[in-house]
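**Student:** Numbering (the numbering used here), first residue to last: 4 to 354.
Backbone N, C-alpha and C fix where the C-beta goes; we use that ideal spot for every residue, glycine too.
What you are looking at is a predicted structure, and each value in this text was computed from that prediction instead of being measured.
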Ligand code: F0G
């Protein structure tokens, strides 16, 4: 196998014991891609996107899930459970199925992107769709997993955070140091927590000279941390981060404050603009939530913040193919013609 996987690559940095079953679906080691046209727009020296959509199930969740499922198996668990806006459930179902474990997922009715739904179905998860939002689903999952012998694999599970911190390790390994800024979407706030843990750990080990400022972005309709209070009815086109009461709220604000960064919000229009710019100016098709970091960066740049001389990394958390509906909905034009060469030549004005 060409890719060794995170459990094999970072045994010293992860909670792995002699009894932990090691396995991989090929997670981690994702590309860090530079976007020169967007660098010009932002006015920074170097702008990179970490393509977490290149993980086996198409999102960053696989980093944490490989660790969480390995530990669940080590503990003798037979069933895992999560609430999800889609990616966690896809990842849990894939990783659990590969180890012979059963997966139960609770999802908000009608608010899961099509590709994510297809994944959970194909990997054989037991799917319960509730007439409620993610926060309500997570609340129920917490209660159920405390009552029954079922392992919770949301990011409240500390092994998820441990696995996800490896994204920060990889950035430092590729760049040779930490970037100046790390831009990241914030939903349930596990990933910003994990990246901060990874950066501080590698800094302590002497692998980086500094830590980055952590720049988290929520969707304006689902921005509890920015508003300073839970949002009862979160709404956003970026369904992955449609969350009103993040489980790792305090850890996210700690990451913000300790790093000297910020947590701000971006509107759905700003998210959609960045979503299109990433696809049309950087060749990167991400899902809407994954465009929130660039939307935030553009917002700050437009408001006069200078990034001159800075090296910036944005986490592209999920693959654009997960949410084909949003992409097709926003299609500006498709020309329909008869199968006639001259009609096509005329319409395209190639000559
Ligand atoms: N980007 C994507 C594509 C996500 O799926 C999520 C979270 C986030 C960003 C935010 O990360 O929650 O760690 O702050 N998705 C979860 C899920 C909630 O159920 O798939 P976070």
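(1) Are the region 8-15 and the region 54-61 in contact at 8 angstroms, needing three or more beta carbon pairs?
(2) Could you give the residue range of the alpha helix (DSSP H) that holds residue 196?
(3) Sort 164, 227 and 93 by Cα distance to residue 239 and report the nearest one.
(4) What number of angstroms, rounded off, separates the C-alpha of residue 68 from the C-alpha of residue 276?
(5) CA-CA distance, residue 196 and residue 251?
(6) What separation, rounded to the nearest whole angstrom, lies between the Cα atoms of residue 236 and residue 140?
(7) Can you determine whether any heavy atom of the ligand F0G sits closer than 7 angstroms to the C-beta of residue 64, and answer yes or no?
(8) Below 6 angstroms CB to CB, which residues in the same chain sit around residue 338 once its five sequence neighbours on both sides are set aside?
(9) Give the secondary structure of residue 340 by DSSP, where H, G and I count as helix, E and B as strand, and everything else as coil.
(10) Using 8 angstroms as the threshold, is the region 323-342 in touch with the region 118-135, meaning 3 or more CB pairs across them?
(11) Can the beta-carbon of residue 169 be found less than 8 angstroms from the beta-carbon of residue 51?
(12) Measuring only the C-alpha atoms, how far is residue 92 from residue 262?
(13) Going by the beta-carbon positions, is the gap between residue 95 and residue 144 smaller than 8 angstroms?
(14) Are the Cβ atoms of residue 155 and residue 84 separated by less than 8 angstroms?
(15) Is the beta carbon of residue 53 less than 8 angstroms from the beta carbon of residue 35?
(16) Specify the secondary structure class of residue 49 as computed by DSSP and reduced to three states.
(17) Report all residues from its chain with a CB closer than 6 angstroms to the CB of residue 3; omit the five preceding and five following residues, and keep chain order.
(18) Check this for me: beta carbons of residue 224 and residue 271, under 8 angstroms apart or not?
(19) Roughly how many angstroms lie between the CA atoms of residue 300 and residue 163, to the nearest whole one?
(20) Nearest CA to the CA of residue 129: which residue from 100, 247 and 259?
(21) Please state the DSSP three-state secondary structure of residue 59.
(22) Within the same chain, show all residues whose beta-carbon is closer than 8 angstroms to that of residue 70, passing over the 5 residues directly before and after it, in chain order.
**Tutor:** A quick look at the data gives this:
(1) no
(2) Stepping through the chain shown from its first residue, residue 196 is reached at position 193. First-last of the alpha helix (DSSP H) with residue 196: 193-207.
(3) By 1-based counting over the chain shown, the position of residue 239 is 236. Minimum Cα distance to residue 239 is reached at 227.
(4) By 1-based counting over the chain shown, the position of residue 68 is 65. By 1-based counting over the chain shown, the position of residue 276 is 273. Their backbone Cα atoms lie some 31 angstroms apart in a straight line.
(5) Indexing the chain shown from 1 puts residue 196 at position 193. Indexing the chain shown from 1 puts residue 251 at position 248. Each residue's alpha carbon lies about 7 angstroms from the other.
(6) Sequence index remark: in the chain shown, residue 236 carries index 233 (1-based). Sequence index remark: in the chain shown, residue 140 carries index 137 (1-based). So the two alpha carbons sit approximately 13 angstroms from each other.
(7) Here residue 64 is taken as the residue at index 61 of the chain shown, counted from 1. It does: the Cβ of residue 64 is within 7 angstroms (strictly closer) of some heavy atom of the ligand F0G.
(8) Working through the chain shown from its first residue, we reach residue 338 at position 335. Around residue 338: 350.
(9) As a first step, residue 340 is located in the chain shown; it is residue number 337 there, counting from the start. Correct three-state label for residue 340: coil.
(10) yes
(11) Here the question's residue 169 lines up with position 166 in the chain shown. Here the question's residue 51 lines up with position 48 in the chain shown. Against a cut-off of 8 angstroms, the Cβ pair of residue 51 and residue 169 comes out as no contact.
(12) Locating residue 92 in the chain shown gives position 89, where the first residue counts as 1. Locating residue 262 in the chain shown gives position 259, where the first residue counts as 1. If I take the Cα positions, the gap works out to 30 angstroms.
(13) On the chain shown, residue 95 is found 92 positions in, with the first residue counted as 1. On the chain shown, residue 144 is found 141 positions in, with the first residue counted as 1. No; because the gap between Cβ atoms is not below 8 angstroms, this pair is not in contact.
(14) On the chain shown, position 152 is the one that residue 155 refers to. On the chain shown, position 81 is the one that residue 84 refers to. Cβ atoms of residue 155 and residue 84: closer than 8 angstroms.
(15) One-based indexing of the chain shown puts residue 53 at position 50. One-based indexing of the chain shown puts residue 35 at position 32. Yes, Cβ-Cβ distance for residue 53 and residue 35 is below 8 angstroms.
(16) Here the question's residue 49 lines up with position 46 in the chain shown. Looking at residue 49 - three-state DSSP - the assignment turns out to be strand.
(17) In the structure as shown, the chain begins at 4 and stops at 354. Residue 3 is therefore absent and cannot be evaluated.
(18) Start at 1 with the first residue of the chain shown, and residue 224 comes out as number 221. Start at 1 with the first residue of the chain shown, and residue 271 comes out as number 268. Yes, they are a contact pair.
(19) Your numbering for residue 300 matches position 297 in the chain shown. Your numbering for residue 163 matches position 160 in the chain shown. Spanning the two alpha carbons is a distance of roughly 27 angstroms.
(20) Here residue 129 refers to the residue found at position 126 of the chain shown. Among 100, 247 and 259, the Cα nearest to that of residue 129 belongs to 100.
(21) Position 56 of the chain shown, counted from the start, is the residue given in the question as residue 59. In this structure, residue 59 counts as coil in the three-state DSSP scheme.
(22) Taking the chain shown and counting its residues from 1, one reaches residue 70 at position 67. Closer than 8 angstroms at the Cβ level, and outside the excluded window around residue 70, lie 9, 10, 17, 18, 162, 163, 165 and 166.
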